[in-house]
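Structure first, then comments.
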Amino acid sequence: MREKVAVIGSGFSSLSAACYLAKDGFDVELFEKNNEIGGRARQFKEQGFTFDMGPSWYWMPDVFERFFNDFGKKPSDFYELRRLSPGYSIYFGKGDKIEVADSIDKIADVFDEHEKNGGEKLKKFLAEAKEHYDIAIKDLVYKPGVSPLELVTPVTAKKVNKFLSNIDKDINNMFRDERLRMWLKFPVLFLGAKPSDTPSFYNFMNYADLGLGTWQPKGGFFAVIKGMESVANSLGVNIHTNTNIEKINCQNNEVDSLVVNGETKKFDKIVSGADYHHTETLLDRKYRQYSEAYWDKKTFAPSSLLFYVGFDKKIDGMEHHNLFFDVDFQKHADEIYKNPKWPDEPLFYANFTSKTDPETAPEGCENGFFLVPIAPDLTDTQELRDKYFDIIMLRFEEITGQKIRDHVIFKKSYCVNDFKADYNSYKGNAYGMANTLMQTAFLRPKLKSKKVENLYFTGQLTVPGPGVPPSLISGKLVAELLMKRS
Ligand SMILES: Cc1cc2nc3c(=O)[nH]c(=O)nc-3n(C[C@H](O)[C@H](O)[C@H](O)COP(=O)(O)OP(=O)(O)OC[C@H]3O[C@@H](n4cnc5c(N)ncnc54)[C@H](O)[C@@H]3O)c2cc1C
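Under the numbering used here, think of the first position of the sequence shown as 42, with each following residue one higher.
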């Protein structure tokens, strides 16, 4: 008889794990508490507008390709992908913006305009970033974080110093222009920590950004989830939505059964892609590996205040992705990590997928997604959401010189309380646990429980870390670990 595996959650990590396990011959059932799959990458449609609820930056296309190739498929079997040009825009003030071109040579020209020898310095910086990217993909991110030794290779040994220095320092040493500095510090924010707390080695994110480029799947990020669902279905994964896992029952250090919507079901093995902290709370206390104090001390990636907005007109001058870095970057970072509080003057990000994918808004309209990164676990009230909506609408209007506020015909907000309620997210984090030096690889929460023999974890709180590509990889790693021990 085939071994029965339950997979909890339907985000990228859970779907990935389910596909690999089903391919290897396990009988896989996947349980998602919400009424649709995708986890943080869910999508909703309202009044003719389509909104991806979470991820929007499609970086590291090679990782997506590798996932689908593992099942004899390619991304283009499921969605059309195109490189955005420009990749994104950064606003530093009224009439002061940089457009990020789609080739390193063109980007180097922009660096030259802002700083003497800027282009040459950029190319040097990116050459090292590429070297790190290649090492990361080949020697680091596809490792299960079981032992520190798995990270030691002749190549990585030469890079130890790159884990002891930080990106903030490197960029400040190399570049003088404050705009260029902010631009280069932006990609590591995806790793969830401040650039000054992110090891230099992680400048591979700059290569992912400027070297490999920003891509967009037609139909939005949810098209990737639908592609993975197709693969899962073709392999016989049984997907259940509206099924909340209420309890993980153990006996003699083994999972015996799950309580699913009030019903007890037996499984041989469990993989949870739900937030790691939440999954542990489903166990009796003696089976939990990490204390509340452990979680509390960890650096979590930010939460976010999000607005999904429908406009009754086209918004002028915007790109698909737009960063508003017209205020103090360091101050906002401190308000996330050092002295957690609602930011006085928030940086924010806006995307308009209808710019490149007209089907995501009614004719003549535009859909907008606005994101303000904030510290996890801040007080979340309707008044605060309204206040920040006013702030960013006003700033947007001032900087871009156009009225948009009066053109809002649909608006939905999403913040800390929703992350907790919808995803059982620890402190309402948006994208997991940060990748700082002390939270890298084998120092992250483990893929396999140390206390419960047949319980495994995947997703953005374990290895390799936050973001869609790492979540895809995490599902593969946990499946491989489980198969090895079967
Ligand atoms: C606003 C936002 C913007 C982002 N932007 C980007 C981006 O541009 N690019 C990028 O690469 N990444 C981005 N990310 C990060 C990326 O979305 C995540 O890292 C990734 O989707 C996490 O996948 P996961 O499988 O680990 O977790 P999730 O997607 O959170 O999946 C976990 C699932 O478990 C389910 N669950 C929880 N508890 C239970 C239970 N008891 N029973 C059953 N099911 C349960 C949840 O409902 C959820 O569906 C963003 C995230 C957010 C929130």
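Even for Gly, the Cβ is constructed at its ideal location relative to N, Cα and C.
Item	Value
Pro387 versus Tyr429, Gly508, Met101 and Asn285, residue with shortest Cα-Cα distance	Tyr429
Exposure of Met479, with buried meaning 16 or more beta-carbon neighbours within 10 Å	exposed
Three-state secondary structure assigned by DSSP to Ile49	strand
Own chain residues within Cβ distance below 7 Å of Leu232, not counting five before or after	Thr239, Tyr243, Met246, Ala475, Asn476, Gly506 and Pro507
Gly260, buried or exposed, once every other Cβ within 10 Å from all chains shown has been counted against 16	buried
Pair within 8 Å by beta-carbon distance, Gly500 and Ser515	yes
As assigned by DSSP and simplified to three states, the class of Asp367	coil
Closer than 7 Å: Lys517 CB and nearest ligand 1 heavy atom	no
Under the three-state DSSP convention, the category Asn244 falls into	helix
Separation of Val312 from Met524, as counted between CA atoms	12 Å
Cross-strand partners of Phe531 (DSSP beta bridge)	Absent from the model: residue 531. The displayed extent of the chain is 42 to 527, so no value can be given.
DSSP-derived helix/strand/coil call for Tyr183	coil
Beta-carbon proximity list for Lys45, same chain, < 6 Å, skipping 5 on both sides	Asp68, Phe308 and Asp309
8 Å contact criterion, which Leu323 and Ser454 should meet: CB distance rounded	About 29 Å; that fails the 8 Å criterion.
Contact belief for Cys291 with Tyr328 at Cβ below 8 Å, rounded distance in angstroms	5 Å
Pair within 8 Å by beta-carbon distance, Thr305 and Tyr99	no
Cβ-heavy atom distance, Leu412 to ligand 1, below 7 Å	yes
Minimum length 4: unbroken alpha helix (DSSP H) runs contained in the region 197-274	202-205, 208-215 and 219-226
Inter-stretch contact (C-beta, 8 Å, three-pair minimum) for the region 438-450 and the region 464-474	no
C-alpha gap between Phe498 and Leu192, whole angstroms	20 Å
Under the three-state DSSP convention, the category Leu71 falls into	strand
Which residues DSSP lists as bridging Ser298, in chain order	Asn290 and Lys307
Euclidean distance between Cα positions of His173 and Val201	12 Å
C-alpha gap between Leu205 and Ser241, whole angstroms	7 Å
Gly516 - containing alpha helix (DSSP H), residue span	Val509 to Lys525
Range covered by the alpha helix (DSSP H) that runs through Leu435	Gln423 to Thr441
Ligand 1 heavy atom lying under 7 Å from the CB of His318	no
Of the listed residues Lys267, Ser130, Ala402 and Phe341, nearest to Thr91 (C-alpha basis)	Ala402
8 Å contact criterion, which Asp418 and Val368 should meet: CB distance rounded	Wrong, their Cβ atoms sit about 23 Å apart, outside the cutoff.
Distance, Val296 Cα to Asp171 Cα	This sequence places Lys at residue 171; Asp is not what is there. Taking the straight line joining both Cα atoms gives about 43 Å.
Separation of Gly252 from Lys164, as counted between CA atoms	10 Å
Contacting residues, own chain, Cβ-Cβ under 6 Å from Ser126 (five flanking each side not counted)	Asp143
Where Glu400 falls: helix, strand or coil (DSSP)	helix
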